[in-house]
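Below you'll find the structure, written out as structure tokens, and then a few comments.
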Amino acid sequence: MDIEFFHVDAFTTKPFGGNAAAVVILQSESQFDKDELLHTIAKEFNLPATTFLFSSSSNAYKIKWFTPLRRIPLCGHGTLAASHILFNKHPALDLIQYDSGPAGNLTAARAKEDSIQLEFPACNLVQMQDVGQQLTKELENDLERLLASAFSQPAQFTFIGRGDSGSYVDMMVAELPENYPLKAVTIDHSKLVSLFPTIRGITFTTRSSADNTCHIHSRCFYTLLELGEDQVTGSAHCMIAPYWFRKLGLANDAELVAAQVSQRGGIMALEWKQDEMRCLIRSSAVTIAKGTMRIE
6 MDIEFFHVDA
16 FTTKPFGGNA
26 AAVVILQSES
36 QFDKDELLHT
46 IAKEFNLPAT
56 TFLFSSSSNA
66 YKIKWFTPLR
76 RIPLCGHGTL
86 AASHILFNKH
96 PALDLIQYDS
106 GPAGNLTAAR
116 AKEDSIQLEF
126 PACNLVQMQD
136 VGQQLTKELE
146 NDLERLLASA
156 FSQPAQFTFI
166 GRGDSGSYVD
176 MMVAELPENY
186 PLKAVTIDHS
196 KLVSLFPTIR
206 GITFTTRSSA
216 DNTCHIHSRC
226 FYTLLELGED
236 QVTGSAHCMI
246 APYWFRKLGL
256 ANDAELVAAQ
266 VSQRGGIMAL
276 EWKQDEMRCL
286 IRSSAVTIAK
296 GTMRIE
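Numbering-wise, my numbering puts 193 at position 188 of the sequence shown, and it's gapless, one number per residue.
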């Protein structure tokens with residue numbers, strides 16, 4: 006059996022930027038009813054994420070995401086990459102509905118300037134001391150110093166918290182002072198892994214008033230998955246968007262522009278639907294390669 010695949014860079018308008026994902030469109034889930042085969046395919050691609058789509062109608066798909074290590078509950082750049090491929094394959098399609106299982110129903114819609122807008126669940130952040138029972142006593146008492154020990158430059162934190170619900174409960178967020186040089190600093194991923202073995206990922210964020218192209222900067226590191234720095238992370242911004250909307254006093258219909266300042270880098274525009282606790286993520290993607298994979 007031959008399956009079609011695509012290599013896409015998401016959260017960018019140019020090749021070799023943003024975050025890379027493979028997209029595989031499959032007709033029958035019954036042929037791939039075990040995650041083991043999907044995981045094997047993802048390991049073969051060896052990209053930050055591989056997105057598998059199972060068609061249930063012309064605009065509805067079941068979606069699964071895998072890293073080379075395991076299945077993950079939610080993936081923004083993998084969903085953006087998949088939506089980019091589907092919209093290109095189906096020019097009359099304006100809205101795509103995804104059944105993700107663990108993260109619930111997601112949507113993708115065509116947006117202005119040939120971009121794509123995703124709708125994901127959002128969450129509030131809870132200060133770490135409010136969930137301290139989930140940490141060791143050492144971490145609870147000296148969290149800021151331990152986080153700072155992974156930075157190549159002195160670092161202080163104005164807020165440290167984690168998601169309060171859904172797929173975000175094992176994700177941490179740490180805010181640095183305004184205009185902290187987040188892009189220039191080296192952050193030791195292996196140290197983060199050793200310090201926070203039960204935390205799936207850590208997002209560092211700062212208000213970027215010196216950068217007139219965006220409101221905030223961020224960087225995201227996966228610890229539980231041991232994938233290192235994630236180049237651009239849509240789902241992490243569904244955690245920090247409500248936080249920044251409140252802190253910056255933005256209106257509900259405003260857009261928060263976020264730049265993830267990793268080596269490859271990426272940018273996205275965020276809206277927060279407060280009443281529904283949903284986040285809209287708008288960005289672009291480019292196709293790098295396509296082909297077929299033979300499965301015996």
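Positions of the beta carbon are idealized from the N, C-alpha and C atoms, including for glycine.
query: Taking just the CA atoms, how far does F250 sit from S214?
result: The residue given as residue 214 occupies position 209 in the sequence shown. The residue given as residue 250 occupies position 245 in the sequence shown. About 15 Å.
G206: first and last residue of the uninterrupted beta strand (DSSP E) it sits in: Position 201 of the sequence shown, counting from 1, holds the residue named residue 206. Run containing G206: 206-212, per the beta strand (DSSP E) assignment.
C-alpha distance - Y248 paired with L43, whole-angstrom precision: Along the sequence shown, read from residue 1 onward, the residue named residue 248 stands at position 243. Along the sequence shown, read from residue 1 onward, the residue named residue 43 stands at position 38. Cα to Cα, Y248 sits roughly 35 Å from L43.
message: What would DSSP say about C128, mapped onto helix, strand or coil?
response: What you label residue 128 is simply residue 123 of the sequence shown in a count that begins at 1. C128 falls in the coil class under three-state DSSP.
task: Please say whether V13 and H89 have beta carbons closer to each other than 8 Å?
output: For this step, residue 89 is matched to residue 84 along the sequence shown. For this step, residue 13 is matched to residue 8 along the sequence shown. Yes, Cβ-Cβ distance for H89 and V13 is below 8 Å.
message: Under DSSP, the alpha helix (DSSP H) around T84 begins and ends at which residues?
response: Residue 84 sits at position 79 when you count from the first residue of the sequence shown. Taken as a continuous stretch (DSSP letters only), the alpha helix (DSSP H) holding T84 covers 81-94.
query: For the beta strand (DSSP E) that contains K252, what are its first and last residues?
result: As a first step, residue 252 is located in the sequence shown; it is residue number 247 there, counting from the start. Per DSSP, K252 lies in no beta strand (DSSP E) segment; the continuous alpha helix (DSSP H) that holds it begins and ends at 239-253.
field: Complete beta strand (DSSP E) runs within the segment 161-233 (minimum length 3 residues, chain order)
entry: 164-168, 176-180, 206-212, 221-227
- prompt: In chain order, what residues of the same chain have a beta carbon less than 6 Å from the beta carbon of F201, not counting five sequence neighbours either side?
  reply: In the sequence shown, counting from the first residue as 1, residue 201 sits at position 196. Closer than 6 Å at the Cβ level, and outside the excluded window around F201, lie T228.
Cβ separation of P78 and A108, assumed to be a contact under 8 Å, to the nearest whole Å: Within the sequence shown, the letter at position 73 stands for residue 78. Within the sequence shown, the letter at position 103 stands for residue 108. Right, the Cβ-Cβ distance comes to about 6 Å (below 8 Å), so this counts as a contact.
message: Within the continuous beta strand (DSSP E) that includes I8, where are the two ends?
response: Here residue 8 refers to the residue found at position 3 when the sequence shown is read from its first residue. Start and end: 7-15.
field: Delimiting residues of the alpha helix (DSSP H) encompassing I286
entry: Here the question's residue 286 lines up with position 281 in the sequence shown. Segment 283-288 is the beta strand (DSSP E) holding I286; no alpha helix (DSSP H) there.
query: With distances taken between CB atoms, is the gap from T208 to V178 smaller than 8 Å?
result: Sequence index remark: in the sequence shown, residue 208 carries index 203 (1-based). Sequence index remark: in the sequence shown, residue 178 carries index 173 (1-based). Yes. Within cutoff.
Cβ pair H220, V266 closer than 8 Å: For the purposes of this step, residue 220 is taken as the residue at position 215 of the sequence shown. For the purposes of this step, residue 266 is taken as the residue at position 261 of the sequence shown. Cβ distance not < 8 Å, so H220 and V266 don't count as in contact.
query: If you run the structure through DSSP and keep just helix, strand and coil, what is E301?
result: Stepping through the sequence shown from its first residue, residue 301 is reached at position 296. The answer is coil: DSSP assigns E301 none of H, G, I, E or B.
field: Rounded separation between M133 and A294 - CA only
entry: On the sequence shown, residue 133 is found 128 positions in, with the first residue counted as 1. On the sequence shown, residue 294 is found 289 positions in, with the first residue counted as 1. The straight-line gap from Cα to Cα measures roughly 42 Å.
- prompt: Under a Cβ-count criterion, where at least 16 other Cβ atoms within 10 Å of its own Cβ denotes burial, should T191 be classed as buried or exposed?
  reply: As a working note, residue 191 is residue 186 in the sequence shown. Counting Cβ neighbours within 10 Å, T191 comes out exposed, since fewer than 16 surround it.
- prompt: Given a threshold of 16 other Cβ atoms within 10 Å of its Cβ, counted over all protein chains shown, does T72 qualify as buried or as exposed?
  reply: Here residue 72 corresponds to residue number 67 of the sequence shown, with the count starting at 1. So T72 counts as buried.
message: Please report the straight-line C-alpha distance between N110 and Q102, rounded to a whole angstrom.
response: Residue mapping note: residue 110 aligns to position 105 of the sequence shown, counting from 1. Residue mapping note: residue 102 aligns to position 97 of the sequence shown, counting from 1. Near 7 Å, if we compare the C-alpha coordinates of Q102 and N110.
- request: State buried or exposed for R299, treating a residue as buried only when at least 16 other CB atoms are found within 10 Å of its CB.
  value: For the purposes of this step, residue 299 is taken as the residue at position 294 of the sequence shown. Result: exposed.
- request: Return the CA-CA distance between F226 and R205, expressed in angstroms with no decimal places.
  value: What you label residue 226 is simply residue 221 of the sequence shown in a count that begins at 1. What you label residue 205 is simply residue 200 of the sequence shown in a count that begins at 1. Roughly 9 Å separates the two Cα atoms.
Span of the beta strand (DSSP E) around R75: Locating residue 75 in the sequence shown gives position 70, where the first residue counts as 1. Run containing R75: none; DSSP gives neither H nor E here.
task: Determine the burial state of P53: buried for a count of at least 16 other Cβ atoms within 10 Å of its Cβ, exposed for fewer.
output: Position 48 of the sequence shown holds residue 53. Burial call: buried.
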